[in-house]
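Enquirer:
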């Protein structure tokens, strides 16, 4: 057990028990005892008022970390197009590489995508390792894992970032297990411990109720998947110089065991309201059924689903399945935007547990503002279009903010 | 057919709350459930068994002794046998160490055609253990399975992408990870509950009961470690009103949302 | 005294709660509004052996016990009083008499499909002129060769019109008073057996409560349940057990109302703060929670006794008396705590209050329960 209670120091106050997220501490004869449920998260170590708990190092295995240098980014492409998340990771990767005073490399796999390699340089990569093969045209676990594994063995990067897309979450763990290194999923923040050349990877757990900062101290590369939209996109620099290493990887059709026989693009089926991560709801303030067109536009822009108050359903401006509230559906999305909804208790009952609530209403006294995180008093027919426009220009806006700071 | 279903007992994270005063997780009174994606994996295995009567479905789980209840529930739902990997040596495992322990146990079980996992657990949320088990066993994987067909000696699956799907084929043995869209999980039957407790087909294996590399288990065998954990900033008790005209307010809103990484 | 449930019983509760939340709750308000019998949920419950919980596997049951069954009724009733009584009437009143008094052939022919949920059961004792005075049976069964001919009518029969198998009580010998009543197993669609009026009720509106009409209905002799003339005893002992089911239903309704109200009090704000901060309301919640817990102890104790072969006549009567009273009390207060909103159909508590009332009336009114209990003490 790597987290130990120093019995002589323990005063039996129980502060550690209260703070343990895993229920792993109990009191025996007025002394705290740590049980098998412990995951060494360290909350008790921080909380103990008499410093009676300590973490021991007992780690086995690992590699000589000094042999590993360089920050790599898996430049995911689909159908020849680099994904936005790849560009975000190049931006983040650049920052990390600069702090560690090392090279940023983009790892690009595909077929006939030379222009994507150029794009990687434009967005900040010093080098692109571009494996070109027909067998890599479409993603397969076996093909991509083998090629990248071979590259890692050859070049020994210290960090590898992968976008947490459906593909990235398939590739990441397969690769990290083959390399025998640590992988931290869905990171929302990456910091650098310069002295030890360690990546500090912060991610949510327990359905987002807890945040944890993870280290991979003794194994390399330190691998991390990052959710799309979390990191800032890199800025393109026209004419930037870099090295593109294009090569044909050692890969045969026999290497690929799970074969992709068909690729189908489809309109995702309508997400159920209860499952939608983002909901944009319209209320009586819309004035008429037409107003829902604007709600739909905003919902589409955010990748969300349309909700409605009871009043609009009763007036037949929209169908019942969209209704949120006591006699409709209960939802708890990551983002709920209430437009022209007053916030009667029957509606609140259906949405107040949403993680972030935005309210737009003409009436400054509308009860919806009591449960909102952010409120805008105004005409939704002005505010929503302005919001959509701002979303289109979000990168510029964030730049402007940074310039002022 | 021989199918192995990997299952995890997890706290119902919908019920987990944050103590607003202390900023800590309240675990008290939070019920433990079978991880939802694992229920989908088990359901698909049982659907195969419904069609092909001589299929044997074995459930494997790594967890503390209390996870026995989750395995009994899996038996009550219709699994044929259950193995609980429980040992102090497993405590504090990250996904590498967990997948090592489970893969070792699967090797010990013997032959299998399909290993079914849930895509991810609602407490860890990593979606890593399934693919890592496949790597340890050296078998192909198909993740995010939203539809499955069993053909002669191989499987054909629709593998979900954000905007569509791949149709992927693989020979068996193969590891599959299930998502919610795959099926509607059946409930445990009442008869199944009594049968599960009466027959008690849950076997417990410690790290000594099968061949596994002890250096790669538990806290010490985990390449990653938790440096610190904290509760995210909670909901502010007051609403923040954004002033100015529509354009200005919208701008401020976008900034707030971007800073909070909500968009 | 062991106050913990067995692991099996705990898992039964977990499963029933999940089933109730996912399958029963979403349609509860709708079926109450329309009075539609939730046939699809009955079929789903059948698939999971929920319609034969206390009966052994060899007889089509789940191999569980009375307490697990009471918990099942409680969990269903917590979200829908109707679904709770459908299960209770079927299991305690429709299946149990055959289990206890049936011949091997009758068990094979009727109990197995009933316990499996392939068929639904009902119990027909009440008549227009025989409610609390159950002995005043006017339905007659006359012997005729290899058959009995039934004539008469029954009212207020739960699951009537939806059930496949009915336990029907009739007078076989007028001269013998209560010892002249016999029990029969009658299948639906038997010529001469028709369903009459389906009642429009205050509560449990989707439970099918029907009039049964027998006009020269021919029943084969082998469908006599138990001995001739022993029908009244069969009816009374069956109702003893049925009481536990209804007590569980009342308990579930009360618990459901309390759970909803606790949630509402936390959400609703008046005078600048949540209603949960007002002491007067806190006291009401405390009292209701205590009352419900007391009811729970009585219900579980009665079920435990029955499951373990201990006497349960008095215990079941106490459980029903107290639990029904609790249900009415608690649901009424819960509507009150919701204020005006509680009186509207937007919130489920008004339905729960309407559902609660019947628990004080059917399967022996509260007054009958008092008579039973007093009978034990004042003998």
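Chains as they are written, first to last, in the numbering used here: chain A, -7 to 397; chain B, 98 to 360; chain C, -18 to 360. Positions of the beta carbon are idealized from the N, C-alpha and C atoms, including for glycine.
Leaving aside the five residues before and after residue 337 of chain C along the sequence, list all residues of the same chain whose C-beta is less than 6 Å from its C-beta, in chain order.
Expert: The sequence position of residue 337 of chain C within the third chain is 356, counting from 1. Counting only Cβ-Cβ distances below 6 Å, and skipping sequence neighbours, we find 234, 308, 309 and 312.
Enquirer: What three-state label does DSSP hand residue 196 of chain A in the structure shown?
Expert: If you number the first chain from 1, residue 196 of chain A lands on position 204. Residue state, collapsed to three classes: strand.
Enquirer: Contact between the segment 113 to 131 of chain A and the segment 244 to 255 of chain B is defined here as three or more beta-carbon pairs at a separation below 8 Å; is this criterion met?
Expert: Counting Cβ pairs under 8 Å, fewer than three are found: no touch.
Enquirer: Return the residue from the list C/81, C/299, C/129 and C/243 that minimises the CA-CA distance to residue 197 of chain C.
Expert: The residue labelled residue 197 of chain C in the question sits at position 216 within the third chain. Here the closest residue by C-alpha is C/129.
Enquirer: Can you check whether the C-beta of residue -12 of chain C is within less than 8 Å of a C-beta belonging to chain B?
Expert: Here residue -12 of chain C refers to the residue found at position 7 when the third chain is read from its first residue. Answer yes: the Cβ-Cβ gap between residue -12 of chain C and chain B drops below 8 Å somewhere.
Enquirer: In angstroms, rounded to a whole number, what distance separates the CA positions of residue 4 of chain A and residue 41 of chain A?
Expert: By 1-based counting over the first chain, the position of residue 4 of chain A is 12. By 1-based counting over the first chain, the position of residue 41 of chain A is 49. Approximately 11 Å between the Cα atoms of the pair.
Enquirer: Skipping 5 residues on each side, what residues in its chain have a beta carbon closer than 7 Å to that of residue 52 of chain C?
Expert: Walking along the third chain from the start, residue 52 of chain C turns up at place 71. Excluding positions up to five away in sequence, the list reads -10, -7, -6 and -3.
Enquirer: For residue -7 of chain A, I'd like the list of residues in its chain whose CB is within less than 7 Å of its CB, leaving aside the five on either flank, ordered along the chain.
Expert: To locate residue -7 of chain A, count along the first chain from 1; it is residue 1. For residue -7 of chain A, the predicted model reports a pLDDT of 47, less than 50, meaning its position is unreliable and no value from the coordinates is stated.
Enquirer: Is it right to say residue 18 of chain C is buried, meaning 16 or more other beta carbons lie within 10 angstroms of its own, or is it exposed?
Expert: Counting from one through the third chain, the residue named residue 18 of chain C turns up at place 37. Flag for residue 18 of chain C reads buried.
Enquirer: When you compare only the Cα positions, how much space is there between residue 282 of chain B and residue 194 of chain B?
Expert: Indexing the second chain from 1 puts residue 282 of chain B at position 185. Indexing the second chain from 1 puts residue 194 of chain B at position 97. Approximately 29 Å, taken between the alpha carbons.
Enquirer: Would you grab the beta carbon distance between residue 350 of chain B and residue 333 of chain A for me? Rounded to a whole angstrom, and I think it's under 8 Å.
Expert: In the second chain, counting from the first residue as 1, residue 350 of chain B sits at position 253. In the first chain, counting from the first residue as 1, residue 333 of chain A sits at position 341. Actually they are not in contact, since the Cβ atoms of residue 350 of chain B and residue 333 of chain A sit about 17 Å apart, beyond 8 Å.
Enquirer: Going by DSSP in three states, residue -7 of chain A sits in which element: helix, strand or coil?
Expert: For this step, residue -7 of chain A is matched to residue 1 along the first chain. Any reading at residue -7 of chain A is ruled out, since the residue's pLDDT is 47, under 50, leaving its predicted position unreliable.
Enquirer: Between the alpha carbons of residue 384 of chain A and residue 223 of chain A, how many angstroms are there, rounded?
Expert: The residue given as residue 384 of chain A occupies position 392 in the first chain. The residue given as residue 223 of chain A occupies position 231 in the first chain. Answer to the nearest angstrom: the Cα atoms are 17 Å apart.
Enquirer: Hey, quick one: how far does the beta strand (DSSP E) through residue 201 of chain C stretch, first residue to last?
Expert: Here residue 201 of chain C refers to the residue found at position 220 of the third chain. 190 to 201 is the span of the beta strand (DSSP E), which, as asked, contains residue 201 of chain C.
Enquirer: Start and end of the beta strand (DSSP E) containing residue 352 of chain B?
Expert: In the second chain, the residue the question calls residue 352 of chain B occupies position 255. Taken as a continuous stretch (DSSP letters only), residue 352 of chain B belongs to no beta strand (DSSP E), being part of the alpha helix (DSSP H) at 343 to 356.
Enquirer: Which residues in chain B have a C-beta closer than 7 Å to the C-beta of residue 374 of chain A? List them in chain order.
Expert: Locating residue 374 of chain A in the first chain gives position 382, counting from the first residue. What residue 374 of chain A touches in chain B: 343.
Enquirer: I need the straight-line Cα distance from residue 25 of chain C to residue 172 of chain B, nearest angstrom please.
Expert: Position 44 of the third chain holds residue 25 of chain C. Position 75 of the second chain holds residue 172 of chain B. If you take the alpha carbons of residue 25 of chain C and residue 172 of chain B, they lie about 19 Å apart.
Enquirer: From which residue to which residue does the alpha helix (DSSP H) around residue 67 of chain C run?
Expert: Here residue 67 of chain C is taken as the residue at index 86 of the third chain, counted from 1. Residue 67 of chain C -> alpha helix (DSSP H) spans 62 to 69.
Enquirer: Among residues of its own chain, excluding the 5 on either side of residue 190 of chain C, which ones have a beta-carbon nearer than 8 Å to its beta-carbon?
Expert: Counted from its first residue, the third chain places residue 190 of chain C at position 209. Result list for residue 190 of chain C: 137, 138, 139, 141, 179, 180 and 182, in chain order.
Enquirer: Just to confirm, is the Cβ distance from residue 130 of chain B to residue 216 of chain B under 8 Å?
Expert: In the second chain, the residue the question calls residue 130 of chain B occupies position 33. In the second chain, the residue the question calls residue 216 of chain B occupies position 119. No, the Cβ-Cβ distance between residue 130 of chain B and residue 216 of chain B is not below 8 Å.
Enquirer: Got a sec: does the ligand HEM put a non-hydrogen atom nearer than 7 Å to the Cβ of residue 183 of chain A?
Expert: Of ligands this structure carries none, so the ligand HEM is not represented either.
Enquirer: Note down, in chain order, all residues in the segment 184 to 203 of chain B with a beta-carbon under 8 Å from any beta-carbon belonging to chain A.
Expert: Answer set for the segment 184 to 203 of chain B: 185, 188, 189, 191, 192, 193 and 196.
Enquirer: Are residue 326 of chain B and residue 191 of chain B touching if we call contact CB-CB under 8 Å?
Expert: Mapped onto the second chain, residue 326 of chain B falls at position 229. Mapped onto the second chain, residue 191 of chain B falls at position 94. No, Cβ-Cβ distance for residue 326 of chain B and residue 191 of chain B is not below 8 Å.
Enquirer: Can you tell me which of the three DSSP states residue 359 of chain C falls into?
Expert: Locating residue 359 of chain C in the third chain gives position 378, counting from the first residue. Correct three-state label for residue 359 of chain C: coil.
Enquirer: Run through DSSP, which three-state label would residue 380 of chain A get?
Expert: What you label residue 380 of chain A is simply residue 388 of the first chain in a count that begins at 1. Here residue 380 of chain A sits in helix by DSSP.
Enquirer: Going by Cα to Cα distance, which pick from C/101, C/40, C/21 and C/219 is closest to residue 84 of chain C?
Expert: Indexing the third chain from 1 puts residue 84 of chain C at position 103. Comparing Cα positions, the closest option is C/40.
Enquirer: If I measure Cβ to Cβ from residue 67 of chain C and keep anything under 7 Å in the same chain, skipping five residues before and after, which residues do I get?
Expert: Residue numbering aside, residue 67 of chain C sits at position 86 when the third chain is read from its first letter. So the list reads 23, 140 and 188, once near-sequence residues are dropped.
Enquirer: If the criterion is Cβ atoms closer than 8 Å, does the pair residue 177 of chain A and residue 218 of chain B meet it?
Expert: For this step, residue 177 of chain A is matched to residue 185 along the first chain. For this step, residue 218 of chain B is matched to residue 121 along the second chain. For residue 177 of chain A and residue 218 of chain B, no; Cβs fall outside 8 Å.
Enquirer: Could you tell me the alpha carbon to alpha carbon distance between residue 306 of chain C and residue 145 of chain B, rounded to whole angstroms?
Expert: On the third chain, position 325 is the one that residue 306 of chain C refers to. On the second chain, position 48 is the one that residue 145 of chain B refers to. Distance between the alpha carbons of residue 306 of chain C and residue 145 of chain B is about 50 Å.
Enquirer: Is the Cβ-Cβ distance between residue 88 of chain A and residue 55 of chain A less than 8 Å?
Expert: Numbered from its first residue, the first chain carries residue 88 of chain A at position 96. Numbered from its first residue, the first chain carries residue 55 of chain A at position 63. Contact: no.
Enquirer: Indicate whether residue 269 of chain C and residue 220 of chain C have their beta-carbon atoms separated by less than 8 Å.
Expert: The sequence position of residue 269 of chain C within the third chain is 288, counting from 1. The sequence position of residue 220 of chain C within the third chain is 239, counting from 1. Taking 8 Å as the Cβ cut-off, residue 269 of chain C and residue 220 of chain C do not qualify as a contacting pair.
Enquirer: Which first and last residues belong to the beta strand (DSSP E) in which residue 147 of chain C is found?
Expert: Residue numbering aside, residue 147 of chain C sits at position 166 when the third chain is read from its first letter. Per DSSP, residue 147 of chain C belongs to the beta strand (DSSP E) from 146 to 152.
Enquirer: List the DSSP bridge partners of residue 353 of chain A.
Expert: Indexing the first chain from 1 puts residue 353 of chain A at position 361. Looking at the DSSP assignment, residue 353 of chain A forms a beta bridge with A/369.
Enquirer: So which residues of chain F does residue -17 of chain C contact, with C-beta pairs closer than 7 Å?
Expert: Going by chain labels, chain F is absent from the structure shown, which instead holds the protein chains A, B and C.
Enquirer: Please return the same chain residues whose Cβ sits closer than 6 Å to the Cβ of residue 286 of chain A, not counting the five positions on each side in sequence.
Expert: Here the question's residue 286 of chain A lines up with position 294 in the first chain. Here the set comprises 376.
Enquirer: If you draw a straight line from the C-alpha of residue 99 of chain C to the C-alpha of residue 72 of chain C, how long is it?
Expert: Residue mapping note: residue 99 of chain C aligns to position 118 of the third chain, counting from 1. Residue mapping note: residue 72 of chain C aligns to position 91 of the third chain, counting from 1. Near 13 Å, if we compare the C-alpha coordinates of residue 72 of chain C and residue 99 of chain C.
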